[in-house]
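Colleague: This structure is in structure tokens; I'll ask about it shortly.
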Amino acid sequence: MADLIPLAQARCITRRGHEHRLGEARIRELLPQLQGWELLENGHVLGKTFRFPDYYRTMSFVNALAHVANAENHHPDLSVHYDRCVVHFSTHDVGGLSENDFICAAKADLLA
284 MADLIPLAQA RCITRRGHEH RLGEARIREL LPQLQGWELL ENGHVLGKTF
334 RFPDYYRTMS FVNALAHVAN AENHHPDLSV HYDRCVVHFS THDVGGLSEN
384 DFICAAKADL LA
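Take a look at the structure:
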């Protein structure tokens, strides 16, 4: 991904194999571009809790995120509650985080 393109405007590409797993230095470069996201599970997962005033708005976010995830062919793990949705991104095919996780996290932020 070209660093001049904002994460939310970039597109996911298929990434398979450990050579696409981001190193700690690259993760530390990308993480400040996202607000409120944190590294979980020893740096293998990117996570954030999105809060909403009611169930309807939570589900609206979930449905919009499902549409984006389908378009990017990169799908998060979700935990859906009345007033919040917990979103976790990781790239299982690389065994950790890839640039796709950061791209989709930025797109999720735009939805909220």
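Residue numbers (this note's numbering): 284 to 395.
Where is the CB? At the ideal position from N, CA and C, for every residue including glycine.
Predicted model, so just to flag it, every value in this text is computed and none were measured.
Can you list, in chain order, the residues of its chain with a C-beta nearer than 8 Å to that of R298? Leave out the 5 residues immediately preceding and following it.
Modeller: Excluding residues within five positions, the ones whose Cβ falls inside 8 Å are T374, D376, V377, S381, E382 and N383.
Colleague: Measure the alpha-carbon distance for Q292 versus K390 and round it to whole angstroms.
Modeller: Cα to Cα, the separation comes out at about 8 Å.
Colleague: For the alpha helix (DSSP H) containing E307, name the first residue and the last one.
Modeller: Run containing E307: E307 to L313, per the alpha helix (DSSP H) assignment.
Colleague: By DSSP, does M284 sit in helix, in strand, or in coil?
Modeller: Because M284 sits at a pLDDT of 48, beneath the cut-off of 50, its placement in the model cannot be relied upon, and the following sentence gives the value as read from the coordinates. In this structure, M284 counts as coil in the three-state DSSP scheme.
Colleague: Give me the residue from V370, A308, L393 and G306 with the minimum Cα distance to G330.
Modeller: Cα-wise, what sits closest to G330 is V370.
Colleague: Could you tell me the boundaries of the alpha helix (DSSP H) in which V351 lies?
Modeller: Run containing V351: Y338 to E355, per the alpha helix (DSSP H) assignment.
Colleague: Taking buried to mean at least 16 other C-beta atoms within 10 Å of its own C-beta, is A308 buried or exposed?
Modeller: With fewer than 16 Cβ atoms within 10 Å of its Cβ, A308 is classed as exposed.
Colleague: Considering only heavy atoms of the ligand MG, does any lie closer than 6 Å to the CB of L380?
Modeller: Although the ligand MG was asked about, the structure shown includes no ligands whatsoever.
Colleague: Please determine, among T332, L305, N353 and I386, the residue with the shortest C-alpha to C-alpha distance to S362.
Modeller: Checked all of T332, L305, N353 and I386; the closest Cα to S362 is T332.
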